[in-house]
Each structure stands twice: as structure tokens, then as C-alpha cells.
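To start, the structure under review is shown below, and the notes come after it.
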Amino acid sequence: MDLAAVKARVAELDEDPGWYQNIELGNGVQTKTRRIWREPADHPADRWRAVEPGFPKSFADKSVLDVGCNAGFFSFKAAERGATDIVAVDYNERYIEQAKFANEVRGDKIDFRVGSVENLRSLKKRFDIVLCIGLLYHVKDLLGGVREIAHVTSEMAIIESAIYNDADELPLIRVAGGDTALPGTWHPNIAGLTALCLKTGFKRVEPLFKEGGRGGVIAYK
Numbered sequence: 018m019d020l021a022a023v024k025a026r027v028a029e030l031d032e033d034p035g036w037y038q039n040i041e042l043g044n045g046v047q048t049k050t051r052r053i054w055r056e057p058a059d060h061p062a063d064r065w066r067a068v069e070p071g072f073p074k075s076f077a078d079k080s081v082l083d084v085g086c087n088a089g090f091f092s093f094k095a096a097e098r099g100a101t102d103i104v105a106v107d108y109n110e111r112y113i114e115q116a117k118f119a120n121e122v123r124g125d126k127i128d129f130r131v132g133s134v135e136n137l138r139s140l141k142k143r144f145d146i147v148l149c150i151g152l153l154y155h156v157k158d159l160l161g162g163v164r165e166i167a168h169v170t171s172e173m174a175i176i177e178s179a180i181y182n183d184a185d186e187l188p189l190i191r192v193a194g195g196d197t198a199l200p201g202t203w204h205p206n207i208a209g210l211t212a213l214c215l216k217t218g219f220k221r222v223e224p225l226f227k228e229g230g231r232g233g234v235i236a237y238k
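First residue of the sequence shown? That's 18 in our numbering, and the numbers climb one at a time after it.
So this is what it looks like as C-alpha cells:
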């Protein structure tokens with residue numbers, strides 16, 4: 018695909034559904050030129066800075082699953098670190114369309130599929146590393162979603178979410194109603210997110226970061 022065609026397709030996909038993630042396509046071309054919701058113009062750069070310390074320096078010889086991948090930003094980061102066996106799922110067909118386009122332009126070989134966190138075991142495969150970034154607060158069944166992640170993880174999962182940012186060591190989950198500006202539904206504190214992981218089959222959980230209304234953990238099998 019020549020440069021003019023790439024730019025034209027980026028613009029087309031910006032009209033519908035819009036680029037939520039800014040992905041480098043090469044030759045100075047980026048996908049994101051505007052805000053879709055309330056995210057920063059370079060989203061998810063800030064989220065990447067928060068979770069990057071949890072990413073292995075090398076993904077060589079590791080299988081990777083990216084759950085709720087959107088247009089594939091974090092899958093591409095894993096590919097840049099040497100992963101060659103990557104499956105990425107999102108329930109939104111249009112986001113997967115964006116991801117497949119970016120995959121083709123970049124020359125990566127990521128397997129992007131329409132899929133849901135509620136049914137990961139249908140993949141019939143376990144993955145060394147599972148990424149779940151910016152998803153859990155949207156799922157219908159929070160415990161079931163974490164259980165599915167645990168079921169397909171063989172080594173570690175990096176889980177980032179909107180959280181209830183408190184200093185309490187008691188596991189808590191705040192439920193966001195329609196009358197609040199909070200995103201999604203489920204907002205566990207870090208202790209709550211840790212408890213969810215341990216309850217569903219992970220053996221050890223380490224905090225990754227907590228900043229504002231976002232936080233993350235690394236859960237190990």
C-alpha cells in the first residue's frame with residue numbers, strides 16, 4: 018500500500034469509528050489526529066508510560082494475548098519487543114478493522130480477532146503473557162472476566178483499569194452509576210483488584226502503579 022493510500026485509509030477510519038489509539042504506521046504517519054471522547058490527543062501514551070515498567074524487556078519466544086485490544090497499540094508494543102505469537106481480541110468489529118489495517122501497514126503478523134473477555138477459553142489456548150489494559154471496568158461480569166483471564170494465562174497477566182483510588186488495604190469495589198462521570202461500572206481499589214486475581218487462580222500479585230483514577234497489577238500463575 019503506497020503512502021497516499023495509507024493516509025487516505027487512516028482518514029477514512031478516522032470518520033468511522035474514529036481513532037482512539039495513536040499508532041505509529043511508519044513514514045511519519047500516525048493514526049490519531051483528534052480526540053474521540055475525553056482522552057488525550059496522544060492516547061494511550063500516558064497509559065503506556067504507566068504500564069511499561071511491567072512489560073518484559075524481551076517478549077522473544079513468548080505467546081501473548083491482548084484482551085480488549087482496540088486498534089492494537091499494546092499488541093504492537095509486544096511485537097516491537099520480539100513477540101511473534103500474538104493474538105489480540107476486541108468485541109468491536111470496527112476496532113479490529115483498524116487493527117488489521119495498522120498490522121498490514123506496519124508489517125507485523127498479529128492475529129486480530131473479534132472476541133470478548135467473557136469467552137477467552139474459546140480460543141482453546143493458554144498464553145505466556147496476557148495483557149488486559151483499559152477494559153475491566155467495562156465488563157458485565159467482573160469476577161467472570163478476571164477468571165477468564167486467569168484461565169488462559171500460563172505465566173503472567175498485566176492488568177490495568179479504572180480504579181477506586183484510596184489508601185484502604187481492605188478490598189473494595191465501587192460501582193459507578195449512570196449519574197456519575199466515572200467511566201464504566203466497576204472500580205476496585207488495588208487491594209480489590211489483587212483479591213480478584215487471587216480468587217480466580219493467580220498465585221501472586223504485585224502492584225504496578227496507582228495514579229489518580231487508574232491503577233494496575235501484575236498477576237502471576
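Every residue gets a Cβ at the ideal spot worked out from N, C-alpha and C, and that includes glycine. Bear in mind that the values here come from a model prediction, so they are computed numbers and not experimental data.
Inset, instruction - Give me whichever residues DSSP pairs with Leu30 in a beta bridge. - result: Looking up residue 30 in the sequence shown gives position 13. DSSP lists no partner for Leu30.
Legend entry - Spatially closest choice to Val122 from Val23, Asp107 and Glu223, by CA coordinates: The residue you call residue 122 lines up with position 105 of the sequence shown. Closest option to Val122, Cα to Cα, is Val23.
Legend entry - C-beta contact flag for Val163 and Thr217 at 7 Å: Residue 163 sits at position 146 when you count from the first residue of the sequence shown. Residue 217 sits at position 200 when you count from the first residue of the sequence shown. Cβ atoms of Val163 and Thr217: closer than 7 Å.
Legend entry - Collapsed DSSP secondary structure at Ser139 in the structure displayed: Reading the sequence shown from its first residue, position 122 is the one you call residue 139. Three-state DSSP puts Ser139 in a helix.
Inset, instruction - Return the chain-ordered list of same chain residues with a C-beta closer than 6 Å to the C-beta of Leu225, the five sequence neighbours on each side being excluded. - result: Position 208 of the sequence shown, counted from the start, is the residue given in the question as residue 225. So the qualifying residues of the chain are Gly71, Gly233, Val234 and Ile235.
Inset, instruction - Specify the secondary structure class of Arg55 as computed by DSSP and reduced to three states. - result: Numbered from 1 along the sequence shown, position 38 holds the residue referred to as residue 55. Here Arg55 sits in coil by DSSP.
Inset, instruction - Tell whether a beta-carbon distance below 7 Å holds between Tyr112 and Asn87. - result: Indexing the sequence shown from 1 puts residue 112 at position 95. Indexing the sequence shown from 1 puts residue 87 at position 70. Asn87 sits close to Tyr112, with the two beta carbons spaced by under 7 Å.
Legend entry - Leu82 - partner residues in DSSP beta bridges: Taking the first residue of the sequence shown as 1, we reach residue 82 at position 65. DSSP lists Val104 and Val147 as the beta-bridge partner residues of Leu82.
Inset, instruction - Would you mind giving the Cβ-Cβ distance between Val169 and Phe144, rounded to the nearest angstrom? I have them listed as a contact below 8 Å. - result: Numbered from 1 along the sequence shown, position 152 holds the residue referred to as residue 169. Numbered from 1 along the sequence shown, position 127 holds the residue referred to as residue 144. Taking a contact as a CB-CB distance under 8 Å, the pair Val169 and Phe144 counts as one, their CB atoms being some 6 Å apart.
Inset, instruction - Could you tell me which of Gly43, Ile180 and Arg191 sits nearest to Ile124, measuring between CA atoms? - result: Your numbering for residue 124 matches position 107 in the sequence shown. Going by the sequence as given, residue 124 is Gly instead of Ile. The residue with the shortest Cα to Cα distance from Gly124 is Gly43.
Inset, instruction - Using a threshold of 7 Å, state whether the C-beta atoms of Phe93 and Pro61 are closer than that. - result: For the purposes of this step, residue 93 is taken as the residue at position 76 of the sequence shown. For the purposes of this step, residue 61 is taken as the residue at position 44 of the sequence shown. Against a cut-off of 7 Å, the Cβ pair of Pro61 and Phe93 comes out as no contact.
Inset, instruction - In angstroms with no decimal places, state the Cα-to-Cα distance between Ile146 and Leu20. - result: Taking the sequence shown and counting its residues from 1, one reaches residue 146 at position 129. Taking the sequence shown and counting its residues from 1, one reaches residue 20 at position 3. Answer to the nearest angstrom: the Cα atoms are 34 Å apart.
Legend entry - C-alpha distance - Cys214 paired with Glu32, whole-angstrom precision: Residue numbering aside, residue 214 sits at position 197 when the sequence shown is read from its first letter. Residue numbering aside, residue 32 sits at position 15 when the sequence shown is read from its first letter. Near 38 Å, if we compare the C-alpha coordinates of Glu32 and Cys214.
Legend entry - Spatial neighbours of His155 in its chain, beta-carbon cut-off 6 Å, leaving aside the 5 residues before and after: Sequence index remark: in the sequence shown, residue 155 carries index 138 (1-based). Closer than 6 Å at Cβ, skipping near neighbours: Gly201.
Legend entry - Trp65: CB within 6 Å of a non-hydrogen atom of the ligand COA: Absent from the structure shown: the ligand COA. Ligands present: none.
Inset, instruction - Tell me whether Glu165 is buried or exposed, calling it buried when 16 or more other Cβ atoms sit within 10 Å of its Cβ. - result: Residue numbering aside, residue 165 sits at position 148 when the sequence shown is read from its first letter. Result: buried.
Legend entry - Alpha-carbon spacing of Tyr108 relative to Arg231, whole angstroms: On the sequence shown, position 91 is the one that residue 108 refers to. On the sequence shown, position 214 is the one that residue 231 refers to. Roughly 22 Å between the two C-alpha positions.
Legend entry - CB contact flag (Glu172, Lys117, <7 Å): One-based indexing of the sequence shown puts residue 172 at position 155. One-based indexing of the sequence shown puts residue 117 at position 100. No; because the gap between Cβ atoms is not below 7 Å, this pair is not in contact.
Legend entry - Alpha-carbon spacing of Lys126 relative to Gln115, whole angstroms: One-based indexing of the sequence shown puts residue 126 at position 109. One-based indexing of the sequence shown puts residue 115 at position 98. Whole-angstrom Cα-Cα distance: 14 Å.
Inset, instruction - Could you tell me the boundaries of the beta strand (DSSP E) in which Ala193 lies? - result: Taking the first residue of the sequence shown as position 1, residue 193 is located at position 176. Note, Ala193: premise wrong, no beta strand (DSSP E); not H, not E.
Inset, instruction - Would you mind stating whether Ala100 and Val81 have Cβ atoms separated by less than 7 Å? - result: As a working note, residue 100 is residue 83 in the sequence shown. As a working note, residue 81 is residue 64 in the sequence shown. Yes, these two residues count as a Cβ contact at 7 Å.
Inset, instruction - Return helix, strand or coil for Gly43, following the three-state DSSP convention. - result: Counted from its first residue, the sequence shown places residue 43 at position 26. Of the three classes helix, strand and coil, the one that applies to Gly43 here is strand, per DSSP.
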